[in-house]
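Working notes for the structure below.
Protein chains in written order, with full-length UniProt numbering: chain A, 1 to 470; chain B, 1 to 317.
This is the structure in structure tokens:
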């Protein structure tokens, strides 16, 4: 029987960061809780914080379940995370600059050339081009899990367009509206500076040819996209236009948006569409979402694209195992945050270990995603394990294995009252002239008892995440 | 402002006004159907309504014969009918969702609630609901949306685009509603001035919520000329053609003040308003009411195109 680290209660003692929440928790009668829960839901719906799911029938505007029990970090816990996250964001950007330039890390034999240059996310179109300040990934989302008081693991990096930050901001808004006294009793670091920091970050990477206050725009695939609310929310908070591909055009070496007063030049594009859709002349010719000629303007320094095309090679699963090596190679530092130990079945001795320990491991396909083609050892039957064993033996190169992590829990409001549920954390690191991290992030919670899956598509919810001031 | 944002706002205005007109048309149809008609049966009136709303072909394909209940469903709840009340409300709300941050939360609330409510109405059994209940609901929601616009929206270019949408749609719809009565409903020239003729004019006034206002303004018998004057040339009537065109011009002028630039759309609108202000009922009937109305429907269409080219297409330079 695995024991899980409970972030609030340790050996029946309340851990310090949660000290002031105990009374609040005990003093909340069931009726009040239900009332508050309904109030929160009405607020979310009213503000329009839904994620749209089209083509599945039912209400296309769904709410992500919101749990009112906050998740709390002490200042010293957060400091260490912050240092680790910023370090990782620096290393990932250094790696990107390197692999689109001289490729020192590959020459030094630290990462196999094949993994980088034959990676699907490696963008030949930008080889040799240096984006402003050498930054490729301006918004880095690092997914973390916790297994003990001081034990955190990075589950994955998101260097392209990590989503969910609107929930971080709105969860806080709603908590402050519903429980103002909690914010008087606890000294909680604010997160609402995020939009201004994002705007400053984007402005600081204006292209070489921009000689005035840069005009920023967010590029969205459109209102049918499930994250459309977030796109419009961020545009509104930053006071910038939210554009679709058809709103932009290229002329005279610049990108322009179509406005009611005529064309207006755009200097920085925070894009929320994939590389392959950015420019039909450069990538997918069938893309209706992009802007023809955009990449030419980009490469001639007429516009900045954030995150830069090609940034995806840094957050690939096969590259993930080498991130600690990047930290040592580029920064000359020891990594502060650990990776989840990973066995590569391509290596004979590691394959041997994996095959001997299948019932306790999680085995994944190297290029799979979304939980497909995956074996969760402890939750599988003998027959399922044996079937998977055959698949691994057949093509070992295609698989990696990791231990089943004992994800920490935090108290969560459930049907019967309050119960521990598993959580993860995604902080959002901003990389521009400076590297910034607002004290907080998005905590996702697996609402089903015993479940380790926090994805919203599989019964996951969200919580407000607090960092206490000293 | 992005041209696309302006376009979304323009269409919110148009769709809400269109939903209201559709409800008003249904009201006209239901009232006329209650009237024993001169040997034609109620079917021809309902057919003319389908013709007037431009949905006759779609209806015939789906249902065949014009049966009242089917027509009501088709014009109100049918999502396959792009002009139905529910389609218009859905589109208005979708346009609002796209430009969620360009409108106030009160206006979003009004549009969103309207859509949520109609999807609930959609699920109720039709036999439980009287048509008047439905049409009154539409008027109420549309008044609430207009109220949210007037009370909360910033008086900027977005406000003007919304109102230009409303005004052009209303001008077009008023012209069409009068035309239905005069040209489509009345089967033959001999019936002009008959009891049926008068009754239909009254129904039209009712549908425009102008029944009492008309009596206050004119008194005496209801005649085609008085009504034409009221609905076309009288600035006191909020749905009159002249009122709608002047409103459109006022908002176009608002835009040119804000942008320090006046263009083809303003010139065309000003010429149109000048033209209608100079005309009188005698001239209208001399030209022929139907001919006059159709000329204006075409003019309004041309003005919409100019607004589109100047501001919404993104081709402005």
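Cβ coordinates follow ideal geometry from the N, Cα and C atoms, glycine included. As the structure is a computational prediction, the values presented were derived from the model and not from experiment.
Limits of the alpha helix (DSSP H) - the one that residue i falls within
i: residue 43 (chain A); result: 30-47
i: residue 181 (chain B); result: First-last for residue 181 (chain B): undefined, no H or E at that position.
i: residue 348 (chain A); result: 348-356
i: residue 169 (chain A); result: 165-178
i: residue 8 (chain B); result: 3-33
i: residue 223 (chain A); result: Here residue 223 (chain A) belongs to no alpha helix (DSSP H), and DSSP marks it neither H nor E.
i: residue 259 (chain B); result: 241-259
i: residue 301 (chain B); result: 289-307
i: residue 23 (chain A); result: 21-26
i: residue 268 (chain B); result: 264-278
i: residue 114 (chain A); result: 113-117
Cβ-based burial, residue i [other Cβ within 10 Å; buried from 16]
i: residue 422 (chain A); result: buried
i: residue 87 (chain A); result: buried
i: residue 288 (chain A); result: exposed
i: residue 352 (chain A); result: exposed
i: residue 426 (chain A); result: buried
i: residue 381 (chain A); result: exposed
i: residue 95 (chain A); result: buried
i: residue 208 (chain A); result: exposed
i: residue 377 (chain A); result: buried
i: residue 327 (chain A); result: buried
i: residue 54 (chain A); result: Low confidence applies here, because residue 54 (chain A) scores a pLDDT of 49, under 50, leaving its location unreliable; read the following figure in that light. When all chains shown are included, residue 54 (chain A) counts as exposed.
i: residue 268 (chain A); result: buried
i: residue 11 (chain B); result: buried
i: residue 270 (chain A); result: buried
i: residue 280 (chain B); result: exposed
i: residue 149 (chain A); result: exposed
i: residue 455 (chain A); result: exposed
Neighbourhood of residue i by C-beta distance below 8 Å, restricted to the same chain and skipping five residues each side
i: residue 151 (chain B); result: 106
i: residue 89 (chain A); result: 137, 140, 142, 429, 431 and 435
i: residue 397 (chain A); result: 345, 346 and 366
i: residue 374 (chain A); result: 362, 363, 364, 365 and 368
i: residue 122 (chain A); result: 99, 116, 310 and 313
i: residue 403 (chain A); result: 340, 341, 360, 361 and 362
i: residue 235 (chain B); result: 242, 243 and 246
i: residue 406 (chain A); result: 2, 3, 4, 5 and 147
Span of the beta strand (DSSP E), counted from its first residue to its last, around residue i
i: residue 103 (chain B); result: Here residue 103 (chain B) belongs to no beta strand (DSSP E), and DSSP marks it neither H nor E.
i: residue 416 (chain A); result: No beta strand (DSSP E) holds residue 416 (chain A); DSSP gives it neither H nor E.
i: residue 151 (chain A); result: 151-158
i: residue 54 (chain B); result: Here residue 54 (chain B) belongs to no beta strand (DSSP E), and DSSP marks it neither H nor E.
i: residue 518 (chain A); result: With chain A covering only 1 through 470, there is no way to say anything about residue 518 (chain A).
i: residue 445 (chain A); result: 442-446
i: residue 401 (chain A); result: 399-403
i: residue 265 (chain A); result: 262-266
i: residue 213 (chain A); result: That residue, residue 213 (chain A), is in no beta strand (DSSP E); it is neither H nor E in DSSP.
i: residue 392 (chain A); result: No beta strand (DSSP E) contains residue 392 (chain A), which is instead part of the alpha helix (DSSP H) from 382-394.
Neighbourhood of residue i by C-beta, 6 Å cutoff - its chain only, sequence neighbours within 5 removed
i: residue 166 (chain B); result: 13 and 17
i: residue 38 (chain B); result: Summary for residue 38 (chain B): the model assigns pLDDT 47, below 50, so the residue's position carries little reliability; its value from the coordinates is reported in the next sentence. Within the same chain, residue 38 (chain B) has close Cβ partners 196.
i: residue 322 (chain A); result: 111
i: residue 465 (chain A); result: 71, 440, 441 and 443
i: residue 77 (chain B); result: 86 and 122
i: residue 243 (chain A); result: 217, 219 and 257
i: residue 206 (chain B); result: none
Sequence-distant residues of the same chain with beta carbon closer than 7 Å to residue i, five excluded per side
i: residue 115 (chain A); result: 318 and 319
i: residue 7 (chain B); result: 312
i: residue 238 (chain B); result: none
i: residue 389 (chain A); result: 355 and 358
i: residue 198 (chain B); result: 222
i: residue 282 (chain A); result: 125 and 295
Practice task
Could you run through the segment 241-254 of chain A and flag, in chain order, every residue whose CB is less than 9 Å away from some CB of chain B?
Solution key: 241, 242, 243, 244, 246, 247 and 249
Handout entry: Minimum length 3: unbroken beta strand (DSSP E) runs contained in the segment 289-331 of chain A
Key = 304-306
Practice task
Tell me the start and end of each unbroken alpha helix (DSSP H) in the segment 69-104 of chain B that is at least 4 residues and wholly inside, in chain order.
Solution key: 85-98
Exercise for the section: Using a Cβ-Cβ cut-off of less than 7 Å, list which residues of the segment 218-237 of chain A approach chain B; keep chain order. Expected result: 223, 232, 235 and 236
Handout entry: Selection of the segment 296-311 of chain B by Cβ proximity to chain A, strictly under 9 Å
Key = 310 and 311
Handout entry: beta strand (DSSP E) segments (min. 3 residues) lying fully within the segment 124-187 of chain B
Key = none
Exercise for the section: Name, going along the chain, the residues of the segment 254-266 of chain A whose beta-carbon falls closer than 8 Å to a beta-carbon of chain B. Expected result: 257, 258, 259, 260, 261, 262 and 263
Practice task
Residues of the segment 259-280 of chain B with a CB closer than 9 Å to any CB of chain A: list them in chain order, please.
Solution key: 259 and 261
Exercise for the section: Mind checking the segment 142-167 of chain B against chain A and listing, in chain order, the residues whose C-beta falls within less than 7 Å of any C-beta there? Expected result: 157
Handout entry: Near-chain A residues of the segment 73-98 of chain B (beta-carbon distance less than 8 Å), N- to C-terminal order
Key = 94, 97 and 98
Problem - Residues within the segment 101-134 of chain B neighbouring chain A, beta-carbon criterion of under 8 Å - result: 101, 105, 108, 109 and 112
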